[in-house]
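For the sequence shown, this note's numbering assigns the number 70 to the initial residue and increments by one for each residue that follows. This report concerns only the one structure given below.
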Amino acid sequence: MEIAADRLAAIRERMARAAGDAGRRAESVTLLAVSKTRGAGEVREMAQAGVRDFGESYVREALDKQRELADLALCWHFIGPVQSNKTRDIARHFDWVHSVDREKVARRLDGQRPEELGLLNVCIQVNIDGESTKHGVAPEEAGPLARAIAQLPRLRLRGLMAIPRAGSPDGNRDAFRRLAMTLSGLRHTMPELDTLSMGMSDDFETAIAEGATIIRPGTALFGPRDNRQ
Ligand SMILES: *Cc1c(COP(=O)(O)O)cnc(C)c1O
């Protein structure tokens, strides 16, 4: 418990400093704790320390954890690649999906989102470095996909997400900047878009400097993962 609270306090302090240095309010950045591969007990500790938003990449694992933590009012974000055969579970059990990169997946999520749950928040994942191994649309495809998603009544398009090539924190600055510019381009016609999901454990301060509104640290909060996901 102590360790969770201490790690959280250290991250919050770094977030506040990075926001302050960028002339931004600390509350303009949401901490999304990436809890993939972590047990329900670890998530509970982090929730008790004050985190509300958790990010998961694997549907089965996430659903098991959610069942164990059903007594807590948490906000669950899906951040992994979305397979078509998993959209039903994602539409029913998450509040956000950061990794939409195909219209087909968006349509399925829209059709499968239960009425009583309110709109599903989505971000479009952009393959900002053009890596062949990465998911996400090319920056120039973000506009067409955004316009398609905007027509879907059960989805609320919020903005863009990226996972830049793992470089040095400063090495990703240019990628963060390009994602922010892609969002500003979209905002000319869709001013309601308000989300830039970018920055992980090693580079979230740079991401905040470049306009991130959601940062996604995992290891910096929970300690090293014991697999390579
Ligand atoms: C695993 C993961 C993270 C967190 O990575 P860390 O290096 O542990 O901070 C953030 N975003 C996505 C999409 C991830 O898959």
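In this text, a Cβ means the ideal position worked out from N, Cα and C, and glycines have one as well.
Please tell me whether residue i and residue j are closer than 9 Å, where the distance is taken between their beta carbons.
i, j, result
"residue 246", "residue 191", "no"
"residue 101", "residue 232", "no"
"residue 76", "residue 289", "yes"
"residue 211", "residue 195", "yes"
"residue 107", "residue 242", "no"
Report yes or no: is there a C-beta of chain B within less than 9 Å of the C-beta of residue i?
i, result
"residue 272", "Annotation note: the requested chain B is absent from the structure, which comprises a single protein chain."
Kindly list the residues whose CB is nearer than 6 Å to the CB of residue i, restricted to its own chain and excluding five residues on each side of it in sequence; keep chain order.
i, result
"residue 88", "95, 98, 277"
"residue 131", "125"
"residue 109", "134, 137, 138"
Say yes only if the C-beta of residue i is nearer than 8 Å to one or more non-hydrogen atoms of ligand 1, and no if none qualify.
i, result
"residue 203", "no"
"residue 126", "yes"
"residue 281", "no"
"residue 253", "no"
"residue 269", "yes"
"residue 149", "yes"
Taking the straight line between their C-alpha atoms, what separation do you get for residue i and residue j?
i, j, result
"residue 224", "residue 74", "34 Å"
"residue 265", "residue 197", "13 Å"
"residue 171", "residue 156", "12 Å"
"residue 127", "residue 79", "27 Å"
"residue 179", "residue 189", "8 Å"
Please go through the same chain and pick out, in chain order, the residues whose beta-carbon is closer than 8 Å to the beta-carbon of residue i, but skip the five residues on each side of it.
i, result
"residue 144", "121, 122, 123, 164, 165"
"residue 175", "169, 191, 214, 217, 218, 221, 224"
Let me check you understand the geometry: is the CB of residue i closer than 8 Å to at least one non-hydrogen atom of ligand 3?
i, result
"residue 294", "By its list of ligands, the structure shown excludes ligand 3, since it contains just ligand 1."
Tell me which residues share the same chain as residue i and place their Cβ nearer than 7 Å to its Cβ, disregarding the 5 neighbours each side in the sequence.
i, result
"residue 249", "265, 279, 280"
"residue 297", "With a pLDDT of 44 at residue 297, under the threshold of 50, the modelled position of that residue is not reliable, and the figure given next carries that caveat. Nothing listed; no residue qualifies."
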